[in-house]
Amino acid sequence: MSLSGNLKTVSFPDILQLLATGKKTGVLEAKTATRQKEVAFKGGNIIYASSINSSEDLLGNMLLRRGKISKGDLERAITLHKQTGRQLGTTLIDMGLFDKQEIGECLKLQIEEIVYNLFSWGEGDFVFHEDAKPKNAPFTIEMNTMNVVMEGTRRIDEWLEIQKVIPPDDALLDVVLSPKINREEITISLDEFRILALINGDRTVPDLINMSPMGEFVTCRSVYKLINQKLVESIGKRDAEEPEVEDEEEVLLAIVFQLYNQCFFRIRSTVEALVGEGNNCLPAFSSQYRGGVLNFFPGLDPSSELAPSFDKFLHAVKALPSAIRHHHLMGALENMLTEQLEYVFRLLGTGAYRRAMGNVKKEISQPLATRRELVKRFGLDENLYQTMRRADKVVKMIREQ
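Each residue of the sequence shown is one higher than the one before, counting from 4 in the working numbering.
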């Protein structure tokens, strides 16, 4: 089976579903300029995953962060592992520090972190090596791939809600000593308790992620729930070492430019995957938007040579009267996004619409997280969520007719 391409045009969940339904055996390799991950399959199920050039995925570091091993024991194990050439997991068992079941449980968590991280990749080359075996795997496990797809998709949707509440990266978090809530109504999970124990008024969300015995998603979800229960609050900003002087409008426009170009490209890719690249139905429909600043959102691959220039976009926007430029730009983009999603439904039905909406949701999480404080202040995130809800309402009305 020959399977290769880029995650811009074929989503990671779609690849997993294809390998699962085909009960494929082999290794899926995905990489960017700075990251490389491999996921191994047997009979369509995930059995192993590894990450190259990413220390947070290493088994030893995960054990250390979870408090399962001391730094001294880990250093001794790594030294012995290098001397003998045996896998670190096997070395830890040989040293009597863990049994096979404990290593297997930690390995499963490591594999889950690697695989779920791939759901957030908006780009990256991939290739599936059929019948290849995972390299240097100390153990293998078996995970139902379709369950992983469902959980990964759920995490994407949940992550959008989490980002609405999580404070900016420079915000210090502290425990609310006298929460205005009935103590009998307070219930927190073990994950939330672990994060609560790390919060001391001097740490930010990135600090907690680095210290947490869980992955980024579980850590941020715990912070989200603790804030919603009014058990944790932001108490101010961490003093910057050197204040940055920047043009906030240009930063915001850069986020908008990236965000909506990726969204329209995702919609176009979804349609072309179903009707073929030679079918110009969507470009023909989108031609009505040509004119003014919307010329810079053609639905092309943002990384291609044909993609519009941000500098030219910035010049065009700043040519508009300053009092109306933001309202004019965002209103036009939101209408364009709603109408394109509605068109996908009218053209290809519910399944294609949901797929396009899912791809858009996947695409927006990273740009919206770039500068959360700025995004929230200008309402960029909330306006986008309202746009998607409006598209859902329109589609629902059409279906009920």
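Heads up, the beta-carbon is just placed ideally off N, CA and C, and yes, glycines get one too.
Between the CA atoms of ALA372 and GLU308 - distance to the nearest angstrom: Taking the first residue of the sequence shown as 1, we reach residue 308 at position 305. Taking the first residue of the sequence shown as 1, we reach residue 372 at position 369. Answer to the nearest angstrom: the Cα atoms are 26 Å apart.
Whole-Å CB distance - ASN386 paired with MET339, under 8 Å assumed: Numbered from 1 along the sequence shown, position 383 holds the residue referred to as residue 386. Numbered from 1 along the sequence shown, position 336 holds the residue referred to as residue 339. In fact, because the Cβ distance is near 13 Å, the residues do not count as touching under 8 Å.
Contact belief for ILE49 with ILE114 at Cβ below 8 Å, rounded distance in angstroms: Translated into the one-based positions of the sequence shown, residue 49 becomes position 46. Translated into the one-based positions of the sequence shown, residue 114 becomes position 111. With a Cβ gap of about 7 Å, ILE49 and ILE114 count as contacting.
Short Cβ contact (9 Å threshold) for PHE288 with PHE299: Walking along the sequence shown from the start, residue 288 turns up at place 285. Walking along the sequence shown from the start, residue 299 turns up at place 296. Not in contact: PHE288 and PHE299 (Cβ atoms no closer than 9 Å).
DSSP-derived helix/strand/coil call for GLY176: For the purposes of this step, residue 176 is taken as residue 173 along the sequence shown, with counting starting at 1. It should be noted that the sequence gives Leu, not Gly, for residue 176. Here LEU176 sits in strand by DSSP.
Cβ pair count under 8 Å reaching 3, the region 126-145 against the region 14-32: yes
Own chain, CB closer than 6 Å to ILE18, minus 5 neighbours either side, in chain order: The residue you call residue 18 lines up with position 15 of the sequence shown. If we look at ILE18 and ignore the five residues flanking it on each side, it has no Cβ neighbours.
Distance between LYS85 and GLU108 (C-alpha atoms, nearest Å): Here residue 108 refers to the residue found at position 105 of the sequence shown. Here residue 85 refers to the residue found at position 82 of the sequence shown. Going by the C-alpha atoms only, they are around 23 Å apart.
Rounded distance between the beta-carbons of GLU126 and LEU303, thought under 8 Å: Looking up residue 303 in the sequence shown gives position 300. Looking up residue 126 in the sequence shown gives position 123. Not confirmed; about 14 Å, so no contact.
Segment limits, beta strand (DSSP E) that includes ALA52: Residue numbering aside, residue 52 sits at position 49 when the sequence shown is read from its first letter. Where ALA52 is concerned, the enclosing beta strand (DSSP E) stretches over 48-55.
Range covered by the beta strand (DSSP E) that runs through SER7: By 1-based counting over the sequence shown, the position of residue 7 is 4. Note, SER7: beta strand (DSSP E), 6-9.
Cβ-based burial, ASP102 [other Cβ within 10 Å; buried from 16]: Taking the sequence shown and counting its residues from 1, the one referred to as residue 102 is at position 99. Exposed: under 16 other Cβ atoms inside 10 Å.
Beta-carbon spacing of GLU236, VAL274 below 9 Å: Residue 236 sits at position 233 when you count from the first residue of the sequence shown. Residue 274 sits at position 271 when you count from the first residue of the sequence shown. The answer is no: Cβ separation not under 9 Å.
PRO170 versus LEU163: straight-line alpha-carbon distance, rounded: Your numbering for residue 170 matches position 167 in the sequence shown. Your numbering for residue 163 matches position 160 in the sequence shown. Spanning the two alpha carbons is a distance of roughly 13 Å.
Spatial distance of VAL152 from PHE122 (CA atoms): Residue 152 sits at position 149 when you count from the first residue of the sequence shown. Residue 122 sits at position 119 when you count from the first residue of the sequence shown. Going from the Cα of VAL152 to the Cα of PHE122 covers about 9 Å.
ALA36 - DSSP class collapsed to helix/strand/coil: In the sequence shown, counting from the first residue as 1, residue 36 sits at position 33. DSSP places ALA36 in coil when its eight states are reduced to three.
Close beta carbons around SER215, own chain, < 6 Å, minus the five adjacent residues each side: By 1-based counting over the sequence shown, the position of residue 215 is 212. For SER215, where only same-chain residues beyond five positions count, the Cβ hits under 6 Å are THR222.
Under the three-state DSSP convention, the category SER237 falls into: The residue labelled residue 237 in the question sits at position 234 within the sequence shown. The answer is strand: DSSP assigns SER237 an E or B state.
Proximity winner among LYS34, MET391, THR24, relative to SER7 (alpha-carbon distances): Position 4 of the sequence shown, counted from the first residue, corresponds to residue 7. Nearest option by C-alpha distance: LYS34.
Meets three-Cβ-pair contact criterion under 8 Å: the region 310-330 and the region 251-264: yes
Length of the line joining the Cα atoms of SER58 and TYR388: Locating residue 58 in the sequence shown gives position 55, counting from the first residue. Locating residue 388 in the sequence shown gives position 385, counting from the first residue. Reliability fails at SER58, whose pLDDT of 44 lies under 50, so the model's placement of it is uncertain and the value that follows must be treated cautiously. Whole-angstrom Cα-Cα distance: 34 Å.
CB of ALA310 within 9 Å of CB of ASN362, strictly: Here the question's residue 310 lines up with position 307 in the sequence shown. Here the question's residue 362 lines up with position 359 in the sequence shown. Not closer than 9 Å, so no.
Whole-number beta carbon distance between ARG393 and THR341, since they are thought to touch under 8 Å: Residue 341 sits at position 338 when you count from the first residue of the sequence shown. Residue 393 sits at position 390 when you count from the first residue of the sequence shown. Yes, THR341 and ARG393 are in contact; Cβ-Cβ is about 5 Å, under 8 Å.
Identity of the residue in ARG158, ILE189, LEU199 nearest LEU176 by Cα: Your numbering for residue 176 matches position 173 in the sequence shown. Considering only alpha carbons, the answer is LEU199.
Selected residue, minimal CA-CA separation from LEU77, among GLY88, MET98, GLN166: Walking along the sequence shown from the start, residue 77 turns up at place 74. For the residues GLY88, MET98, GLN166, the minimum Cα distance to LEU77 belongs to MET98.
8 Å contact criterion, which GLU219 and PRO137 should meet: CB distance rounded: Your numbering for residue 219 matches position 216 in the sequence shown. Your numbering for residue 137 matches position 134 in the sequence shown. Contact flag wrong, Cβ pair sits at about 24 Å.
Rounded Cβ spacing between ASP172 and PRO209 (contact assumed at less than 8 Å): Numbered from 1 along the sequence shown, position 169 holds the residue referred to as residue 172. Numbered from 1 along the sequence shown, position 206 holds the residue referred to as residue 209. The Cβ separation is near 5 Å, so the contact holds.
Inter-residue spacing [alpha-carbon to alpha-carbon] between LEU67 and LYS74: Within the sequence shown, numbered from 1, the residue matching residue 67 stands at position 64. Within the sequence shown, numbered from 1, the residue matching residue 74 stands at position 71. About 7 Å.
Distance CB(LYS233)-CB(GLU145) smaller than 9 Å: Start at 1 with the first residue of the sequence shown, and residue 233 comes out as number 230. Start at 1 with the first residue of the sequence shown, and residue 145 comes out as number 142. No, Cβ-Cβ distance for LYS233 and GLU145 is not below 9 Å.
Proximity to MET2 [Cα-Cα], best of ALA276, TYR292, GLY47, HIS331: In the structure displayed, the chain extends from 4 to 404; residue 2 sits before or after that span and is not available.
Under 9 Å between C-beta atoms of ALA23 and ILE117: Numbered from its first residue, the sequence shown carries residue 23 at position 20. Numbered from its first residue, the sequence shown carries residue 117 at position 114. Their beta carbons are not under 9 Å apart, which means ALA23 does not touch ILE117 by this criterion.
Where ILE367 falls, given that 16 or more other Cβ within 10 Å makes a residue buried: By one-based count along the sequence shown, residue 367 stands at place 364. Flag for ILE367 reads buried.
Simplified DSSP state of GLU219, which is helix, strand or coil: Counting from 1 along the sequence shown, the entry for residue 219 is found at position 216. Note: GLU219 maps to helix in three-state DSSP.
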